[in-house]
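*Asks:* Residue 439 is where the sequence shown starts when you use the numbering used here, and the numbers rise one by one after that. Below you will find the structure I want to go over with you.
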Amino acid sequence: SRDFRVVVLGSAGVGKSALVQRWVRGNFREAYLPTIEDTYRQALGCSRKAGALHITDTTGGRRYRGLQRLAIARGHAFILVYSVTKKQTLEELKPLYELIRQLKGNNPQKCPIILVGNKCDESHREVSEKEGAAYASEWNCAFLETSAKMNINVQELFQMLINFEKKPAAAA
Ligand code: GDP
Ligand code: MG
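Here it is, written out as structure tokens:
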């Protein structure tokens, strides 16, 4: 099938579900609802042959390492989310990044990753935009700061993924 699977990864509370909800449903909830694993399917274009974008919204918990590993193994592209209000959540992405490279290989064109600093609406910050960008260049991946709450760069984020989907072979 032409389906394209995107996996959203990152520590609990960084806003993974909020980003996906904002894009899929166009809304935002203040309340925190822990996720185990949710999947969403959005059609890409109007023809039936166009396939769909599958989004797997994962959980950060240690108890679910197996699910996380399986989701990564099946994924075509990855969104690594941290919160700009909590430096630790950026550091916690490193083992996930390494696991993706281990399971998917080192070619960034074949296996796109977008590093996302969410909650950029918050005035209290522990991670500057420059610092996030430095991690992204070290990891050879794309970078965006987003706000699911204020709807900043959410369209841009998912558009980037759709663009990857359109030219995977050409880029490889
Ligand atoms: P997840 O565990 O990564 O799925 O995180 P959630 O999407 O459940 O969000 C965790 C908490 O952060 C919730 O209380 C959200 O309302 C809040 N949150 C999510 N995105 C943003 C954002 O862009 N800005 C702000 N200020 N809060 C956010
Ligand atoms: Mg969640």
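Glycine is no exception: its CB is placed at the ideal position from the N, C-alpha and C atoms.
So, using beta-carbon positions, are Leu-622 and Val-554 closer together than 9 Å?
*Replies:* Any answer about residue 622 is impossible in this case: the structure gives the chain only from 439 up to 610.
*Asks:* Round the Cβ separation of Val-522 and Lys-557 to the nearest angstrom and send it over; I've been treating them as touching at under 8 Å.
*Replies:* By one-based count along the sequence shown, residue 522 stands at place 84. By one-based count along the sequence shown, residue 557 stands at place 119. Yes, they are in contact, since the Cβ atoms of Val-522 and Lys-557 sit about 5 Å apart, within 8 Å.
*Asks:* Using three-state DSSP, classify Phe-602 as helix, strand or coil.
*Replies:* Translated into positions along the sequence shown, residue 602 becomes position 164. Reduced to three states, the DSSP call for Phe-602 is helix.
*Asks:* Closer than 8 Å: is that where the CB of Glu-560 sits relative to any heavy atom of the ligand GDP?
*Replies:* Here the question's residue 560 lines up with position 122 in the sequence shown. True, at least one ligand heavy atom lies under 8 Å from that Cβ.
*Asks:* Give every residue of the same chain whose Cβ lies closer than 6 Å to the Cβ of Ala-574, excluding the five residues on either side of it in the sequence, and list them in chain order.
*Replies:* One-based indexing of the sequence shown puts residue 574 at position 136. So the qualifying residues of the chain are Leu-553 and Phe-581.
*Asks:* Please find out if some non-hydrogen atom of the ligand MG comes closer than 8 Å to the beta-carbon of Ala-450.
*Replies:* What you label residue 450 is simply residue 12 of the sequence shown in a count that begins at 1. Checking the Cβ of Ala-450 against the ligand MG gives yes.
*Asks:* Does Ala-450 pass the burial test, meaning 16 or more other C-beta atoms within 10 Å, or should it be called exposed?
*Replies:* Locating residue 450 in the sequence shown gives position 12, counting from the first residue. So Ala-450 ends up on the exposed side.
*Asks:* What are the boundary residues of the alpha helix (DSSP H) that includes Glu-529?
*Replies:* Counting from one through the sequence shown, the residue named residue 529 turns up at place 91. Glu-529 -> alpha helix (DSSP H) spans 525-529.
*Asks:* Could you give the distance in angstroms between the alpha-carbon of Gln-480 and the alpha-carbon of Glu-603?
*Replies:* Translated into the one-based positions of the sequence shown, residue 480 becomes position 42. Translated into the one-based positions of the sequence shown, residue 603 becomes position 165. Cα-Cα distance, rounded: 13 Å.
*Asks:* Between Arg-467 and the ligand GDP, is there a pair consisting of the residue's CB and a ligand heavy atom that are separated by less than 8 Å?
*Replies:* Within the sequence shown, the letter at position 29 stands for residue 467. Yes.
*Asks:* Cutting at 7 Å between CB atoms, please list the residues of its own chain near Tyr-562, excluding the five before and the five after it.
*Replies:* Here residue 562 is taken as the residue at index 124 of the sequence shown, counted from 1. As written in the sequence, residue 562 is His, which differs from the Tyr given in the question. Around His-562: Thr-523.
*Asks:* Can you list, in chain order, the residues of its chain with a C-beta nearer than 7 Å to that of Val-458? Leave out the 5 residues immediately preceding and following it.
*Replies:* As a working mapping, residue 458 is identified with position 20 in the sequence shown. Hits under 7 Å: Val-446, Tyr-478, Ile-493 and Asp-495.
*Asks:* Whole angstroms are fine: how far does the CA of Thr-473 sit from the CA of Ile-551?
*Replies:* Here residue 551 is taken as the residue at index 113 of the sequence shown, counted from 1. Here residue 473 is taken as the residue at index 35 of the sequence shown, counted from 1. In a straight line, the C-alpha of Ile-551 is about 22 Å away from that of Thr-473.
*Asks:* Determine whether the Cβ of Leu-537 lies closer than 9 Å to any Cβ atom of chain D.
*Replies:* The displayed structure is made up of one protein chain only, and chain D is not part of it.
*Asks:* The ligand GDP and Leu-595: does the residue's C-beta get closer than 8 Å to at least one heavy atom of that ligand?
*Replies:* Residue numbering aside, residue 595 sits at position 157 when the sequence shown is read from its first letter. No; taking the cut-off as 8 Å, the Cβ of Leu-595 has no heavy atom of the ligand GDP nearer than that.
*Asks:* Would the C-beta of Ser-455 count as close to the ligand MG, meaning under 8 Å from any of its heavy atoms?
*Replies:* What you label residue 455 is simply residue 17 of the sequence shown in a count that begins at 1. Checking every heavy atom of the ligand MG against the Cβ of Ser-455, one is found closer than 8 Å.
*Asks:* Relative to the alpha-carbon of Tyr-502, which residue among Glu-475, Val-519, Thr-527 and Tyr-520 has its alpha-carbon at the smallest distance?
*Replies:* The residue labelled residue 502 in the question sits at position 64 within the sequence shown. When only C-alpha atoms are compared, the closest one is Glu-475.
*Asks:* Which whole-angstrom value is the C-beta distance of Ile-600 and Leu-491, which I expect to be below 8 Å?
*Replies:* Residue mapping note: residue 600 aligns to position 162 of the sequence shown, counting from 1. Residue mapping note: residue 491 aligns to position 53 of the sequence shown, counting from 1. Sure, about 7 Å apart at Cβ, within 8 Å.
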